[in-house]
Amino acid sequence: MLALRWLSAAALIAALCVALWRFARGRGAFARYAAHPSAVIALAALIVLYVIAAFAPWLATHDPIAILAQALVNHPPSRELLFGTDYAGRDVFSRVLYGTRISLTIALLATVISVIIGTAYGATAGFMGGTLDAVMMRFVDAFLAIPRIVLLIAIGTLWSPLGMTSLILILGLTAWFPTSRLVRAEVLSIKERDMVAAARALGARDLAIVRRHVLPNVMTPVIVAATLGVAGVIINEAALSYLGIGIPDPTPSLGNIIREGTPYIATAWWVALFPGIALVVTALAYNLAGDGLRDAMDPRQVDHT
Amino acid sequence: MRRLLAGRLLQGLAVIWVVATFTFALLHLAPGDPFSYSERRIAPEVIARWRHVYCLDRPLPAQYVCYLRSVASGDLGYSISQARPVRDILVDYVPRTLELMSLGLLASFLVGIGLGVLEARRRGTFADWGSRGITLFFYSMPDFWLALMLALIFAYWLPIFPISGIEDVINAPTNSWWQHVVDHLRHLVLPVATLTLMTCAGIARFQRAAMLDAMQLEFVVTARAKGVSENGIVRHHVLRNALLPIITLAGLTLPMLLGGAVLVELVFSWPGMGFVTAMAVGSRDYALVTSSVLITSALVVVGTIIADLLYALADPRVRAA
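Protein sequence lines, in the order shown, are assigned to chains A and B. Whatever position you read off the first sequence (first residue = 1), add 151 for my numbering. Whatever position you read off the second sequence (first residue = 1), add 579 for my numbering.
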């Protein structure tokens with residue numbers, strides 16, 4: 152029965168990939184993206200990951216929170232229990248599926264928050280210029296000097312335990328500093344272009360210029376940075392859960408599954424190994440996809456290959 | 580040069596002031612104050628005295644001034660989990676983090692620059708492709724998981740390196756000084772390897788791009804036209820120019836290394852700043868955690884200033900400006 156479910160999930164993924172491929176073939180940026188085999192594989196991996204995340208309840212073999220049996224504590228991987236069980240006798244395979252779902256959701260939402268704030272902040276600083284710009288950017292400099300994980304640990308410790316919503320907010324609110332710098336630099340160069348001067352001569356207001364001319368031109372590097380940023384957020388979320396300030400125990404997240412496996416690493420290595428592989432695959436896929444996007448969307452910054 | 584240094588120092592001070600204001604805001608906005616979670620291990624009179632010392636019984640503006648003054652004088656508060664001032668804790672733990680950091684920085688630059696040069700010279704070949712793939716693979720790993728896996732493979736499965744700590748506690752008392760050194764170095768291998776694998780991808784990528792940029796400069800074409808060997812071109816012309824921008828990267832790599840050190844130190848029980856920070860999480864030690872924010876950012880600021888000065892020393896065009 153379960154094999155059938157996995158087969159149909161695989162068919163769905165294959166259909167999605169084929170549809171994307173046919174849509175992409177021969178179209179400017181899409182063709183440039185498709186020219187990178189690694190980027191295409193990364194995109195396929197991301198589709199697989201999101202399908203798994205979306206259908207986690209349907210694909211899981213067991214209840215991720217249920218304790219199977221006392222005899223099944225730290226049980227090694229087998230045909231029944233694909234990734235083995237943890238110290239409490241819970242199925243690691245199902246926990247990893249649900250954990251991927253939670254980690255992907257948090258990372259995506261946190262990245263959306265950070266992109267919105269970073270773009271608004273950077274665009275304001277770059278467009279206004281002068282003292283305001285200088286003050287705003289010194290502020291960003293200060294926060295870039297704090298290692299992000301140390302900042303997150305401090306906030307997490309003071310407000311622990313964090314709920315899912317506050318975790319998303321905190322990850323988003325601490326991730327926008329590099330984006331704002333990037334946007335500011337882009338805005339500074341766009342501001343000098345003729346189209347902006349022309350719009351101003353025609354009597355356009357600042358807000359209209361920003362919306363019609365500046366933001367659309369800024370979006371390309373922002374999308375690339377956001378894609379690469381998701382990988383960082385996923386890793387930071389895992390680190391917080393690993394430290395015990397992220398998602399609390401019975402609910403699985405990739406970080407807290409590794410946390411529970413750490414004391415038993417010498418004997419029950421599978422508990423820490425498999426969620427880590429899921430994390431690496433996710434982060435690597437986002438990094439490769441981001442590199443592919445940069446080459447495809449921003450021909451000025453082409454990597455010399 | 581002197582003006583450059585003065586400007587950088589001023590900027591650095593501004594950064595630390597903003598960070599200190601931020602940690603003050605954090606402490607103030609958090610539920611309770613640094614002494615609320617002491618689990619009655621410390622007598623109430625003692626806590627009341629410390630509250631008074633850190634001005635927590637005074638109005639907010641006075642607290643802020645008091646906080647800035649104590650930070651400026653190096654007094655970072657009182658740690659409830661270790662029942663002693665944070666400054667004493669830092670004196671014990673920061674040097675071990677600096678040891679780990681400097682070795683990690685050195686190793687990741689050696690490996691990163693080496694790989695970058697290799698990739699640029701073998702551009703488009705399997706070696707280039709493979710090296711970039713492998714470094715990106717390690718870059719995508721969560722640092723704590725990489726550390727765990729290295730410990731699993733090289734300490735549990737193949738008992739080559741010690742699992743944790745800074746020295747072998749059983750043999751330490753009888754070791755000669757030479758055995759001490761070897762033992763300590765063996766304990767350093769896995770943490771430094773983790774930090775190196777984590778950060779060398781960025782350095783290699785940067786070095787590769789800088790090499791490829793420098794290879795297109797006109798004096799390289801001239802050298803090639805004069806018949807200088809390909810090795811000579813790389814060594815004398817390309818590498819020299821490509822190494823300059825990488826100095827700046829040292830300043831940018833520091834936050835990543837310091838952040839990575841937190842979890843790497845935790846996994847390997849390396850008694851440094853990061854280890855203490857991670858341990859402070861469970862005991863809700865406000866003063867220790869916020870001091871860690873201040874100290875790591877101060878280290879980053881100092882590192883960046885050093886990198887800027889080195890850059891100015893290496894490049895006469897900047898020095899003159």
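Every residue, glycine too, gets a C-beta built ideally from N, C-alpha and C.
List, in chain order, every chain A residue whose beta-carbon is nearer than 7 Å to that of residue i.
i: residue 876 of chain B; result: 296 and 297
i: residue 869 of chain B; result: 305
Would you say residue i lies against chain B (beta-carbon separation less than 9 Å)?
i: residue 345 of chain A; result: no
i: residue 326 of chain A; result: no
i: residue 154 of chain A; result: no
i: residue 289 of chain A; result: yes
i: residue 381 of chain A; result: no
i: residue 319 of chain A; result: no
i: residue 444 of chain A; result: no
i: residue 427 of chain A; result: yes
i: residue 415 of chain A; result: no
i: residue 395 of chain A; result: yes
What is the DSSP secondary structure of residue i, counted as helix, strand or coil?
i: residue 418 of chain A; result: coil
i: residue 658 of chain B; result: strand
i: residue 230 of chain A; result: coil
i: residue 241 of chain A; result: coil
i: residue 399 of chain A; result: coil
i: residue 663 of chain B; result: strand
i: residue 236 of chain A; result: strand
i: residue 622 of chain B; result: coil
i: residue 344 of chain A; result: coil
i: residue 849 of chain B; result: coil
i: residue 701 of chain B; result: coil
i: residue 438 of chain A; result: helix
i: residue 356 of chain A; result: coil
i: residue 269 of chain A; result: helix
i: residue 613 of chain B; result: coil
i: residue 224 of chain A; result: coil
i: residue 155 of chain A; result: helix
Counting only C-beta atoms, is residue i closer than 9 Å to chain A at any point?
i: residue 724 of chain B; result: yes
i: residue 713 of chain B; result: no
i: residue 761 of chain B; result: no
i: residue 835 of chain B; result: yes
i: residue 864 of chain B; result: yes
i: residue 610 of chain B; result: yes
i: residue 861 of chain B; result: yes
i: residue 883 of chain B; result: yes
i: residue 846 of chain B; result: yes
i: residue 838 of chain B; result: yes
i: residue 601 of chain B; result: yes
i: residue 697 of chain B; result: no
i: residue 730 of chain B; result: yes
Using a Cβ cut-off of 8 Å, pull out every chain B residue sitting near residue i, in sequence order please.
i: residue 438 of chain A; result: 715, 718 and 719
i: residue 118 of chain A; result: As shown, chain A starts at 152 and ends at 456. That puts residue 118 of chain A outside it, with no answer to give.
Run down chain A in chain order and give the residues with a C-beta less than 8 Å from the C-beta of residue i.
i: residue 856 of chain B; result: 301 and 304
i: residue 605 of chain B; result: 305, 306 and 309
Can you pull the chain B residues whose beta carbon is under 7 Å from the beta carbon of residue i, in chain order?
i: residue 421 of chain A; result: Here the premise fails: no neighbours, minimum Cβ distance about 11 Å.
i: residue 209 of chain A; result: Simply none; closest approach about 28 Å.
i: residue 283 of chain A; result: What residue 283 of chain A touches in chain B: nothing, since even the nearest Cβ is about 16 Å away.
i: residue 386 of chain A; result: 721
i: residue 378 of chain A; result: Correct list: empty, because the minimum Cβ distance to chain B is about 13 Å.
What residue does the alpha helix (DSSP H) around residue i start on, and which one ends it?
i: residue 645 of chain B; result: 639–651
i: residue 307 of chain A; result: 299–310
i: residue 405 of chain A; result: 405–412
i: residue 865 of chain B; result: 865–893
i: residue 317 of chain A; result: 315–324
i: residue 590 of chain B; result: 581–608
i: residue 186 of chain A; result: Careful: residue 186 of chain A lies outside any alpha helix (DSSP H) and carries neither H nor E.
i: residue 845 of chain B; result: 818–846
i: residue 392 of chain A; result: 366–394
i: residue 800 of chain B; result: 797–804
Identify the contact partners of residue i in chain A, using a Cβ-Cβ distance below 9 Å as the criterion.
i: residue 666 of chain B; result: Simply none; closest approach about 18 Å.
i: residue 799 of chain B; result: Simply none; closest approach about 14 Å.
i: residue 802 of chain B; result: Within chain A, no residue comes near residue 802 of chain B; the closest Cβ sits about 19 Å away, beyond 9 Å.
Closer than 9 Å by beta-carbon distance: list the chain B residues that pair up with residue i, in chain order.
i: residue 292 of chain A; result: 590, 593, 594 and 597
i: residue 409 of chain A; result: 721, 723, 724 and 727
i: residue 435 of chain A; result: 715, 716, 718, 719 and 720
Name, please, each residue of chain C whose Cβ falls closer than 8 Å to the Cβ of residue i.
i: residue 390 of chain A; result: Judged by its chain identifiers, the structure shown contains no chain C, and its protein chains are A and B.
* Asked: Enumerated in chain order, which unbroken segments of the alpha helix (DSSP H) with a length of 4 residues or greater are wholly contained in the stretch 712–790 of chain B?
  -> 722–730
* Hey, which unbroken runs of the beta strand (DSSP E) at 3 residues or more fall wholly within the stretch 198–222 of chain A? -> none
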